[in-house]
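Colleague: When the letters of the sequence shown are read in order and numbered with my numbering, they come out as residues 11 to 208. Cβ coordinates follow ideal geometry from the N, Cα and C atoms, glycine included.
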Amino acid sequence: MLGLSGCVHQQNTAQNSDEITPMPDSLLKPQMQPLPPQDRIVSKDIYHEQTTSNTEVVRDGRYTLISIAPEEGQKYLLEQVVSVKVPNTKNRFTANVQQGLRTTLTNTGLELCFPPIGEQGNAVQTLFTRPLPKVHYQFGPMKLYEALQMIAGPAYELTLNDITRTICFKARESSFQNPHKPAVAITTTTIKTEVIEE
């Protein structure tokens, strides 16, 4: 019988597959970075939807119903109703058109512009420096856009910057044509004939 015996020594250069390796610190503590804020467009838009004839209301008390829809003056600032009283001192009417416009715009959410530079700016500056007519010291209630147009007069168009909520004026391109025809005096002659019988 023959027997062989020997000693074999293996060198373990490869890592054992069961060995656990630690994770890097960057994976253990994830960096929390906030997402940049994104604006979301609200799909229900009161400015693009047609108002329905059915008014939505809620009951307030036993007999009172209140509309929950925004009023036109709340959606469109030029539609709000204003009453204006321009201050004067001791019956001295010294305000100019610009002061009248600023008083009219008080608490409306809109501001009066600074006149632009150039020919249009000169026209607006001329408007702003005119004396405010006495009939414009107190008026209303009326819609805001009507009040502003009334104070500015027929030679100017009202402009609105919706982004800055700024009101301004510009001279009308063409000469203003009064829609009312001028009064024409018409004279008539009436002949009355009497027949007298004898």
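#1: Can you check DSSP and say which residues form a bridge with N171?
#2: According to DSSP, what are the bridge partners of P141?
#3: Specify the secondary structure class of A6 as computed by DSSP and reduced to three states.
#4: Could you check if G9 is buried or exposed, using at least 16 other CB atoms within 10 Å of its CB as the buried criterion?
#5: Assuming A157 contacts V92 (C-beta within less than 8 Å), just tell me the rounded distance between them.
#6: What whole-angstrom Cβ distance do Y166 and R182 have, given they're in contact under 8 Å?
#7: So what does DSSP say about L122, is it helix, strand or coil?
#8: Taking the continuous beta strand (DSSP E) assigned at Q148, which residues delimit it?
#9: DSSP state of K100, grouped into three classes?
#10: Where does R69 sit, in a helix, a strand or coil, going by DSSP?
#11: Measure how close the beta-carbons of F244 and V134 come, nearest whole angstrom, since I'm counting them as under 8 Å.
Modeller: Quick look at the numbers:
#1: Under DSSP, N171 shares a beta bridge with T176.
#2: According to DSSP, which records beta bridges pairwise, P141 is partnered with N106.
#3: The structure shown has nothing for residue 6, since the chain only spans 11 to 208.
#4: Because the chain here runs from 11 to 208, residue 9 falls outside it and cannot be looked at.
#5: That pair is a contact at about 6 Å.
#6: About 7 Å separates the two Cβ atoms, so the contact holds.
#7: The three-state secondary structure of L122, taken from DSSP, is strand.
#8: Here the beta strand (DSSP E) through Q148 covers 148-153.
#9: Shown here, K100 sits in coil according to DSSP, grouped into three states, outside any helix or strand.
#10: Of the three classes helix, strand and coil, the one that applies to R69 here is strand, per DSSP.
#11: What is shown of the chain runs 11 to 208, which leaves residue 244 out entirely.
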